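As structure tokens, the structure follows; a few thoughts come after it.
In the UniProt record's numbering, the protein residues as written are 1 to 377.
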């Protein structure tokens, strides 16, 4: 099976946090609605506290807009950012704005102006509905915002204890309860979808049997490496073909052959180390990608280590079986126009190793060196 990356859940969380920051149009709309309803309520009641709550809500609304704009500017300029910090900044603005919406609604209930109550209650319900849809991707933030907005209204309704105010409180309790359930449903559904998309992407880029990257992933990885012009170290590609694998398949069956491939994949990863890229091209052919740096030294030395490790007996169903390995080496040079040329060069060297008697290594001869070697001979 393809490997399950430990950072996949973290990547999903980062994606969900990023989705919150697509809510700029919704926030502009709700701040505008808050300004309209709050201004009408303040003018109608001429209540100082209503003016204060209105001003506080407008200030935090502008803060929320500024945070979203800043997020996109930082992301565009730097490409990466600390998602936890930006989640906290978004949540802070959402919490305070929710308190302002709940306080404005509660204040109009206390003052007693019916038309102001109609405006602010409508604004509160509209804000709650939009917030459930937009912020459900981060359920803790969404539930906190929903609670901070509804609880003041619920408390005021029970404090007045009239039939209408108590009914209003119960309606807000029902809305809060249903909203919390809907928030977690939306979050869980979206997270499951993102997780499934990543699993499908992993399946498309990995070999199902060994869990190693497949040829498509290999070509993508090589293209990325070669596009990094800042890297001074050339790329070395080693193609490894198992010697005697067909005989194991024919004698012990395909299940035994599959086990040989799985154990070979593990052996290769252990031998070359985590800093090098191991892939399966198909069949019994594998690939190792390494930088030709000081840590690698002579690549033929690593090839010899690979041959020795792969050639060790493998125990399958109580029986020891042995396969060998032939290795073809190629180093990317300017005569190659693509990663396909590099893979082809390593394959050519591999065929030469097989022809030379197997369990050996051959290096691809660059175009520039071939005439010199011919003249020397």
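Backbone N, C-alpha and C define an ideal beta-carbon position, used for all residues, glycine too. Note that the structure is a prediction, hence the values are computed from the model and not measured.
Where residue i falls, given that 16 or more other Cβ within 10 Å makes a residue buried
i	result
residue 69	exposed
residue 363	buried
residue 184	exposed
residue 17	buried
residue 197	exposed
residue 1	Confidence at residue 1 is low in this model, with a pLDDT of 44, below 50, so its placement is unreliable and the value that follows should be read with caution. Exposed, by the Cβ-count rule.
residue 303	buried
residue 100	buried
residue 297	exposed
residue 167	exposed
residue 361	buried
residue 174	exposed
residue 265	buried
residue 355	exposed
residue 138	buried
residue 347	buried
residue 345	buried
residue 62	exposed
residue 318	exposed
residue 57	buried
Residue i in three-state terms, based on DSSP
i	result
residue 4	Caution applies to residue 4, whose pLDDT of 46 falls short of 50 and renders its modelled position unreliable; the value that the coordinates give is listed next. DSSP places residue 4 in coil when its eight states are reduced to three.
residue 206	strand
residue 103	helix
residue 23	coil
residue 97	helix
residue 319	strand
residue 281	strand
residue 347	helix
residue 275	coil
residue 114	helix
residue 249	helix
residue 143	helix
residue 79	coil
residue 149	helix
residue 296	coil
Cross-strand partners of residue i (DSSP beta bridge)
i	result
residue 237	289 and 330
residue 361	327
residue 9	Residue 9 pairs with nothing; no bridge assigned.
residue 242	325
residue 213	206
residue 68	Residue 68 is not bridged to any residue.
residue 314	321
Residue i and residue j closer than 8 Å at C-beta
i	j	result
residue 132	residue 179	yes
residue 255	residue 235	no
residue 209	residue 262	yes
residue 35	residue 134	no
residue 243	residue 359	yes
residue 176	residue 147	yes
residue 67	residue 49	no
residue 287	residue 281	yes
residue 53	residue 109	no
residue 163	residue 106	no
residue 200	residue 12	no
residue 314	residue 260	yes
residue 350	residue 326	yes
residue 237	residue 278	no
residue 37	residue 120	yes
residue 165	residue 154	no
residue 214	residue 220	no
residue 91	residue 29	no
residue 149	residue 79	no
residue 308	residue 299	no
Nearest to residue i (by Cα), restricted to the options the options
i	options	result
residue 329	323, 313 and 306	306
residue 353	38, 34 and 240	240
residue 136	111, 189 and 62	189
residue 111	128, 41, 158 and 74	41
residue 322	32, 219 and 249	249
residue 145	33, 93, 168 and 159	93
residue 127	268, 274 and 27	27
residue 59	81, 344, 301 and 98	98
residue 130	25, 43 and 44	25
residue 274	76, 219 and 212	212
residue 117	56, 45 and 174	45
residue 84	338, 14, 257 and 122	14
residue 32	357, 55 and 149	55
residue 216	343, 347, 267 and 20	343
residue 87	64, 77 and 76	64
residue 245	324, 172, 21 and 204	324
Short CB-CB distance (under 8 Å) between residue i and chain C
i	result
residue 182	Of the chains in the structure shown, none is chain C; there is only one protein chain.
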